[in-house]
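Student: Sequential numbering from 1 applies to the sequence shown in the working numbering. Backbone N, C-alpha and C fix where the C-beta goes; we use that ideal spot for every residue, glycine too. Remember, it's a predicted structure, so these values are computed and weren't measured experimentally. Have a look at this one before I ask anything.
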Amino acid sequence: MDYATDHRVAELASLQHGVVARRQLRELHIRADAVARRVAQGRLRIESDRVLRVAGSPADRASRAMAAVLDAGSGAAVSHTSAAATWRLPGFRLDPVHVTGGRGCTRHDGSTLGVVHEPRRLLAHHVVELDRIPVTTPSRTLFDLAGLTDVNPKQVSRVLDTAWSRGLVSHASLTRMLGDLAARGRAGITLMRALLDERPPDHRPPGSSTEARFQEVALSAGLRRFERQVDVGGDDGWIGRVDFVDRGRRLVVEVVDALFHGSLTDQRHDRARWQQLSDEGWTVEVVDGFDIFHRTEAFRSRLASIARRSGVT
């Protein structure tokens, strides 16, 4: 038994979540007959024509992603919806695994382990390793999502804000990516340019999907002057940070999410803060996440009534 060969295969597989590409074994000068023998013995299992799995290694999400990258060819990376799932952005799943490779890289047609994209441009700094798996950066991932016809522009807007709030992207990183990718006819560029135009460098994205949905409904009700996450004070100093403020209307809106406002301690703290704001001349409106998502029309009418009462345009 060739223990040296077994060691080289095991060492490579340990760095790649249990999977190896046949081309990698050739680069290690492991002969095809030695590979075939290990397959026949059940020590290597066939994942595709190009990818093998070491027997006993788990076929978990990391392994599936790595296998799809290897199956697509050298220079490939997890991308699109699968990259969004890898970065833990909500609303996306790893499977089926989407992978992208730059033109000019060694590539294979007919990948059976992933959905392969071949863009006009994939630069080296558009790819990083996450848990030893090549994956497109968050900024590149957002541009790729924007180019998919089956991803709604509103979903792209929300996931952009989520990535921004988590520190995965910034105005600077997205602007650089726009410069890298901007080209006439490239899918997603118009949408991403519009989303960036709406978000200045000091943009504060919504902290939750509930807050993001509130902003959408408020705009449709004619409330367009809200600032988000504002520190508000009175004669006696700082009162607290509130979700939304319309200074012209002296209006504060707090979006109640059970996850963050559910405990008795939180409720007492919130009521005291809202009373302080009221004492300082602010109108405080408390809105419920359930109403925002599930009683949207009634909630929109409530906001429109607030806008009319204020008399501020």
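1) Between which two residues does the alpha helix (DSSP H) carrying Asp-180 extend?
2) Indicate, with yes or no, if the ligand HEM has a heavy atom lying under 7 Å from the CB of Pro-153.
3) Kindly indicate which three-state DSSP category Thr-5 falls into: helix, strand or coil?
4) Rounded to whole angstroms, what is the Cα-Cα separation between Ser-301 and Arg-249?
5) Closest to Arg-64 by CA distance: which of Gln-276, Val-19, Gln-215 is it?
6) Within 8 Å of any Cβ in chain D, is that where the Cβ of Gln-155 sits?
7) At 4 residues or longer, and completely inside the stretch 44–114: list those alpha helix (DSSP H) runs for me, N to C.
8) Return yes when the Cβ of Leu-113 is within less than 8 Å of the Cβ of Val-159, no when it is not.
9) Could you tell me which residues DSSP pairs with Pro-134 in its beta bridges?
10) Between the alpha carbons of Gly-91 and Ala-32, how many angstroms are there, rounded?
11) How is Arg-241 classed by DSSP in three states: helix, strand or coil?
12) Figure out for me which residue from Val-232, Leu-191, Val-245 has the closest Cα to the Cα of Glu-211.
13) Tell me whether Pro-134 is buried or exposed, calling it buried when 16 or more other Cβ atoms sit within 10 Å of its Cβ.
14) Label Phe-260 either buried or exposed according to how many other C-beta atoms from any shown protein chain fall within 10 Å of its C-beta, with 16 as the threshold for buried.
15) Below 8 Å on the Cβ atoms is my guess for Val-35 versus Arg-22; work out the distance and round it to an integer in Å.
Tutor: In brief:
1) For Asp-180, the enclosing alpha helix (DSSP H) stretches over residues 171–181.
2) No copy of the ligand HEM appears in this structure; indeed no ligand is present at all.
3) The answer is helix: DSSP assigns Thr-5 an H, G or I state.
4) Ser-301 and Arg-249 have their C-alpha atoms roughly 18 Å apart.
5) Checked all of Gln-276, Val-19, Gln-215; the closest Cα to Arg-64 is Val-19.
6) Considering every chain present, this structure includes no chain D. It has just one protein chain.
7) Counting whole runs of 4 or more residues, the stretch 44–114 contains the alpha helix (DSSP H) stretches 61–72, 80–86.
8) No, the Cβ-Cβ distance between Val-159 and Leu-113 is not below 8 Å.
9) Pro-134 is bridged to Glu-129.
10) Distance between the alpha carbons of Gly-91 and Ala-32: 42 Å.
11) In the structure shown, Arg-241 sits in a strand (DSSP, three-state: E or B).
12) The residue with the shortest Cα to Cα distance from Glu-211 is Val-245.
13) So Pro-134 ends up on the buried side.
14) A caution first: Phe-260 carries a pLDDT of 46, below 50, which makes its placement in the model unreliable, though a value can still be read off. Classification for Phe-260: exposed.
15) Contact holds; Cβ gap of about 7 Å.
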